[in-house]
Structures are given as structure tokens and as C-alpha cells.
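*Asks:*
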Amino acid sequence: MAYHNQKQYIHYDSPGFIYHFSLLEKNLWVRMLKENIEFHSMKLEEKVLEFSIGIDSAGKFHVASILETGHLKYGIYFNETWESKSLMTFNRNHSRLKNITLFVFEEKIHILMAQSYAENNEFWTIKHYYWNKQNWENQKVCEICTGQYDIPFYADIDEKNNIHLVYKSRIGRYHQIYYEKFLLPYRSWGIPIKISEGPCDHTTPFILCDREDTLHIAWSTFANGHYQINYFGTKLPLSYKSNLRKEINVFAKNGTDYTQPHLMHFDRNMIILWKEGSHFIIQKKLENAKQWSDPKRLANAAEKELIKVGIIGPAYKDMTPVKIIDAYGYIDDKITILGIDPLESPILFNALPTLKADDHESTLSAESMPQIFIGDHELVESQEDFHEGDALLEKLEEITLQNQILQKDLQFFMEQHQAFQTKIYVQIDEVQKKIEDVASSKKGFFDKVQAFFQKDNPS
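Structure below.
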């Protein structure tokens, strides 16, 4: 199976035109087609490493890209014209930018990306740049510890234009999955919430917000020598104190070669898709239902030259609304997205049980290892001892997160206190000025009265 290593973007507009953005020999091109006839094509940028695209209410395409030259560029494509500028320059020998993600709404532009440095390429800083209609601002979202080849994060936007973010990071021995939300009214990121559970490695998170403001998160887990696919869904907002354990579903377990699960939403259906070995597996459910369908294997999908596809906007072919931010597909004489478009002869699997996290953990505990002795006195730690150590690490992790919460709350209250003090000082100055004005006017009045009586005084 062959993959293009760069994601391509497709947009369907109401007159029936298709806009296709893709890289060709590191050059970013846009093509405009209708009924397989190309009406226009244009090269937008050269030496592009990554790019991301959004569209505003006026139909303008906003493009953010990372170039080999060390530039972060932003541009607008509209009515077959292109205009761009450089936002920042970075030293590619010293640092690396990755996973650029762009959102456009209400004439505001938001760009997320991860940056690492050559000294330690497993540590990444997730950064947020945004245009507030007047100038560019930026802030650090968080710092994470993950693999240098991993996708550092995934992000999506809800119906209220809040940005939601998932990432994996190592604390202690294991990687865990975390969630954060950008609070648009306060222009501030919230408190990180741990989504995953258990003393094992969790990886490849994916996030999607549907039109009903339900948050969907999927990821894979490596436990006891096997992979499994996990799913968590909840109505927004998601609070730090939510009991997440009982909401996590396990779709598949005992796998040996699972890839990142992907989520898609169309025609009131939620779809989860992942690759197991050389086969793609899908399951689906109605958007408000709890029960998922039996898993299906997509026939012939592995034989195609697959690409990563993102759909810009709410329409795909004759389907609307849809939410397809990252999917597998291929383009020949037509566009096909795995899990959405029909393929030949889908094969129904034997039903795999959909387990709750509690059921899965009880299975793990039943498979505990016996104690192993070496010689007469040397003892190799039992699995129970490992779990005790993992429990301590979990507790340490929770304490660390609580400390981060307290620090963020303290910073928030300090900023509020400072703003309140500034406001009070301004009000005091205004009152003092008014008092001085009144006193001055009264003094002038009394001076005039005194002068009048002195003038009429015969003495």
C-alpha cells in the first residue's frame, strides 16, 4: 500500500465547482474543476513542507504553510488571485515546526503548530497564533513530551467557535492522552484534562466536534503486548471533574498492528475508521445513539494508492452537513473517501465485542503474573509491584495537574486583581479631577461674589 505523505484538501461550492489543494514536488497548487473538467490551476507557494487551509464566510481560502526556507507564511486565495506574506522566520538547523493547523471564523484567524528544538527533539511546544482583526498575537498552549516522528496534536472547532485540542504526553513511564479547550471569550486556554486511563502507553489521539456540540475522541493503546482502539464521547463542555472512566469504549483489543483511528461525521452518522495490518476497519452509529454497528472490513482499499484528505466546509458531493477533517482516500476519475463512499464487497467481520473500560481492566487484572524467584534470595518484582509503582506515578501525575490548575487559577486571579486595581486607580483619578474642577469653579464663583461686594462697599 502506498501513501502520499501530505494531506490534500477539497472544497465543494454551491455552483458545483471543486477546489483541490495539493502538493506537487513540494509546490502548493490549487485546481478548480467541474465534472472532471479543469477550469483553472495556479501555483501558490514553493518549497512547502506542510500547509493547512480554511475558508471564511465570503468564500476566501486562507492558507498557512511552513516552507523549507524557514518561513511561516499566510495567504489568501480568492477569485483566482493569490496574496501572501511571511509571519515569522525560524532556524531550521535549530528548531522544527510541525502539524500546522488553521481555523477561520468571524474574520479571525487561528494557527496552531508544534515546535521542537534540535537539543531535545522529543519535547514539543504547542503554539497558538491568532489575528484579532487588528494585529497578530501569540501564546504558548502547553509543552509535551512525545516522539519526534509522532503527530504532536489534533484539533477541531465546535459550533460556538471554541477550539478543542488533544495530544499525548509522557508523565512518568507512560504516555497519556490529554485534552484542552481554547475559551474564545477570554482568549485563553483552559486546564488540561487527562482522557486516557490505566498504566499503559496511549498514543495517536484524534478529535472531532459534531454539529450537536458533542466531543468525540479516539486513540489507540498498547497494553500487555497488544493494541486496542478506544473511543470517548461526551456533550460539551467537558469539565476537569468529569468521571471519564465509565465513558470510554474499547472497540478492538488483542491487535498486533493498529494505526491511528480517524473520526468522521456525515448524514447524522458518526464513523470510526482504523487500519489493522493491511486492512481498514470501520464502525458507525447514529450521532445521538450509544450502540455502534458491527465492525466491517473495507475490501480492496489496501490495493489503492491512498492519500490523506480533508474536506473544507460542510459539503461533500451531495452530502451535507459533513465533518471530515482528516481521512483516507484516493483520486482517480473520481474522489473516494474510505468509510464514506461505497467500495466493492465490504466484508462483515464476526462481531467484535464493544467493551467498557471497566470490563477491559477486569480482564487485565485476571491475567496477573505469578511471582518469579531467581536463586534463593533474589526476587524479580511481581506484576502487582509494578501496578503499585504505576499507581504512585498516576497519583503524582494527578498532583502535578492539580498544581498546574492552582497555578493557572492563581495567575487568573492575580490578573483580575491587577485589572481591578488599575480600574480603581483610573476611577480615583477621574473623581479627583472632577473634585478639583468643582473646587476650581466654586473658587472662581466666590472670588466674583467677593469682588462684587468689595466694589459696592463704600468703605
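When the sequence shown is numbered by my numbering, its final residue is 478 and no position is left out of the sequence of numbers. C-beta atoms are modelled at their ideal positions from N, C-alpha and C, and glycine is treated no differently. Remember, it's a predicted structure, so these values are computed and weren't measured experimentally.
Would you identify the three-state DSSP class for aspartate 175, choosing helix, strand or coil?
*Replies:* strand
*Asks:* Any idea if aspartate 232 is buried or exposed, counting beta-carbon neighbours within 10 angstroms, 16 or more meaning buried?
*Replies:* Taking all protein chains shown into account, aspartate 232 has fewer than 16 neighbouring C-beta atoms within 10 Å of its C-beta and is therefore exposed.
*Asks:* Taking tyrosine 186 and isoleucine 145 to be in contact with their CB atoms under 8 angstroms, please state how far apart those CB atoms are, rounded to whole angstroms.
*Replies:* Right, their Cβ atoms sit about 7 angstroms apart.
*Asks:* How is isoleucine 72 classed by DSSP in three states: helix, strand or coil?
*Replies:* If DSSP states are grouped into helix, strand and coil, isoleucine 72 belongs with the strands.
*Asks:* Do you know how far the Cα of glutamate 199 is from the Cα of tyrosine 193?
*Replies:* 19 angstroms
*Asks:* At 3 residues or longer, and completely inside the region 182-227: list those beta strand (DSSP E) runs for me, N to C.
*Replies:* 182-190, 193-202
*Asks:* Here's a check: name, in chain order, each residue in its chain whose Cβ is nearer than 6 angstroms to the Cβ of lysine 26, leaving out the five neighbours to either side.
*Replies:* The answer, listed in chain order, is Lys327, Gly329.
*Asks:* Do the CB positions of tryptophan 150 and isoleucine 163 come within less than 8 angstroms of each other?
*Replies:* no
*Asks:* Glutamine 446 by DSSP, collapsed to three states: which one?
*Replies:* helix
*Asks:* Are isoleucine 248 and tyrosine 277 touching if we call contact CB-CB under 8 angstroms?
*Replies:* yes
*Asks:* Should asparagine 55 go down as buried or exposed, given a rule of 16 or more other Cβ atoms within 10 Å for buried?
*Replies:* exposed
*Asks:* Would you kindly work out how many angstroms separate the C-alpha atoms of leucine 317 and serine 239, rounded to a whole number?
*Replies:* 20 angstroms
*Asks:* Note down the Cα distance separating tyrosine 96 from glutamate 138, rounded to an integer number of angstroms.
*Replies:* 37 angstroms
*Asks:* Taking buried to mean at least 16 other C-beta atoms within 10 Å of its own C-beta, is aspartate 177 buried or exposed?
*Replies:* buried
*Asks:* Is serine 33 closer than 8 angstroms to tryptophan 18 when the C-beta atoms are compared?
*Replies:* Residue 18 is absent from the model: the chain starts at 20 and stops at 478.
*Asks:* Just to check my reading of the structure: methionine 107 and isoleucine 119 have Cβ atoms closer than 8 angstroms, yes? What is that Cβ distance to the nearest angstrom?
*Replies:* The pair is not a contact, with the Cβ atoms about 12 angstroms apart (cut-off 8 angstroms).
*Asks:* What's the call for leucine 86, buried or exposed, on a 16-neighbour Cβ count within 10 Å?
*Replies:* buried
*Asks:* Work out the CA separation of phenylalanine 40 and lysine 66 for me, nearest whole Å.
*Replies:* 15 angstroms
*Asks:* Let me confirm a value: proline 204 is counted as buried when at least 16 other C-beta atoms fall within 10 Å, else exposed. Which label applies?
*Replies:* exposed
*Asks:* Could you check the C-alpha separation between arginine 115 and glutamine 134 for me, to the nearest Å?
*Replies:* 5 angstroms
*Asks:* Buried or exposed: which applies to phenylalanine 405, given that a residue is buried once 16 or more other Cβ atoms fall within 10 Å of its Cβ?
*Replies:* With a pLDDT of 38 at phenylalanine 405, under the threshold of 50, the predicted position of this residue should be treated as unreliable, and no value is reported.
*Asks:* Can you tell which of Leu121, Gln167, Trp155, Ile190 has the C-alpha that lies nearest to the C-alpha of asparagine 180?
*Replies:* Leu121
*Asks:* Looking at the secondary structure, which residues open and close the beta strand (DSSP E) in which isoleucine 95 lies?
*Replies:* 90-97
*Asks:* Would DSSP call lysine 66 helix, strand or coil?
*Replies:* coil
*Asks:* Between isoleucine 29 and serine 103, what straight-line distance do the alpha-carbon atoms span, to the nearest angstrom?
*Replies:* Rounded to whole angstroms, isoleucine 29 to serine 103 spans 20 angstroms at the Cα level.
*Asks:* Taking the alpha-carbon positions, what's the lysine 272 to threonine 253 distance?
*Replies:* CA-to-CA, the gap between lysine 272 and threonine 253 works out to about 22 angstroms.
*Asks:* Leaving out five residues on either side along the sequence, give the residues of the same chain with a beta carbon under 8 angstroms from the beta carbon of asparagine 288.
*Replies:* Close CB contacts of asparagine 288 within its chain, under the 8 angstroms cut and outside five residues either way in sequence, are with Lys303, Lys304, Leu305, Glu306 (chain order).
*Asks:* Where does glutamate 266 fall in DSSP's three states?
*Replies:* helix
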